[in-house]
Amino acid sequence: MRNKFKYSSRIDCEVEDLFDFHKDTSNLEAITPPDIKVKLLSSNFNANKNEILKLKTYKYGIPATWEIQISKLEYPNLIVDTALKSPFKHWEHSHIFREYGFECVLEDSIEYELKFFNNIARKFVEKQLTAMFEYRHKITKNILEKKSKKQ
Numbered sequence: 627m628r629n630k631f632k633y634s635s636r637i638d639c640e641v642e643d644l645f646d647f648h649k650d651t652s653n654l655e656a657i658t659p660p661d662i663k664v665k666l667l668s669s670n671f672n673a674n675k676n677e678i679l680k681l682k683t684y685k686y687g688i689p690a691t692w693e694i695q696i697s698k699l700e701y702p703n704l705i706v707d708t709a710l711k712s713p714f715k716h717w718e719h720s721h722i723f724r725e726y727g728f729e730c731v732l733e734d735s736i737e738y739e740l741k742f743f744n745n746i747a748r749k750f751v752e753k754q755l756t757a758m759f760e761y762r763h764k765i766t767k768n769i770l771e772k773k774s775k776k777q
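When we follow the working numbering, the leftmost residue of the sequence shown carries the number 627, and every step to the right adds one.
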């Protein structure tokens with residue numbers, strides 16, 4: 627059974643800046659929580675449709691290799707990446723960017739399925755995802771709002 631996870635926040639920036647920030651995979655390290663290490667194995671940092679990005683993550687010292695394909699790219703509102711290889715049986719991550727008055731809404735929507743113990747481990751995984759995306763959104767907000775104020 628597939629699980630769904632969503633996390634959203636508001637950011638005072640242009641929707642195009644939010645989209646471009648997420649399209650540039652070199653920003654991934656900056657928004658990754660300190661307890662997770664991420665190493666980009668792909669040399670192209672600007673994600674394009676159908677491109678496959680390779681990376682390695684380490685959590686609790688345990689390595690995980692990811693191969694992610696950019697399955698949808700709709701400027702400036704949507705980036706969808708689908709895992710071809712990951713610790714999950716299924717992983718599809720939608721990055722949704724919407725204007726909301728003078729701000730933007732950043733929404734991360736994930737459909738996932740664990741390889742083992744899906745029903746038992748789901749609560750633990752959702753707690754981990756909440757902590758990770760809370761951190762990511764906070765850092766993204768700080769970076770983009772500082773940039774927005776400079777312009």
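Even for Gly, the Cβ is constructed at its ideal location relative to N, Cα and C.
Checklist entry - DSSP state of residue 642, grouped into three classes? => result helix
Next on the checklist: Can you find the residues in the same chain that come closer than 8 Å, C-beta to C-beta, to residue 774, ignoring five residues on each side of it along the sequence?
Outcome noted: 638, 639, 640, 643
Next on the checklist: Runs of 4 residues minimum, wholly inside the segment 693-771: which ones carry the alpha helix (DSSP H) assignment?
Outcome noted: none
Checklist entry - For residue 673, is the classification buried or exposed, using 16 other Cβ atoms within 10 angstroms of its Cβ as the cut-off for buried? => result buried
Checklist entry - Can you give the beta carbon distance from residue 719 to residue 736, rounded, assuming they're within the 8 Å contact cut? => result 5 Å
Next on the checklist: Measuring CB atoms only, is the segment 749-758 touching the segment 647-656, in the sense that at least three cross pairs come out at less than 8 Å?
Outcome noted: no
Checklist entry - Applying the criterion that 16 or more other CB atoms from any shown protein chain within 10 Å of the CB defines a buried residue, is residue 679 buried or exposed? => result buried
Item to check | Pairwise C-alpha distance: residue 659 and residue 701 | outcome: 27 Å
Checklist entry - What residue from 759, 661, 677 has the CA that sits closest to residue 569's CA? => result Lying outside 627 to 777, the shown extent of the chain, residue 569 is not represented and no answer is given.
Checklist entry - Smallest Cα separation from residue 766: which of 738, 682, 723? => result 723
Checklist entry - Taking just the CA atoms, how far does residue 635 sit from residue 691? => result 28 Å
Checklist entry - Is it the case that the Cβ atoms of residue 711 and residue 684 are separated by a distance below 8 Å? => result no
Checklist entry - Which of the three DSSP states, helix, strand or coil, is assigned to residue 654? => result helix
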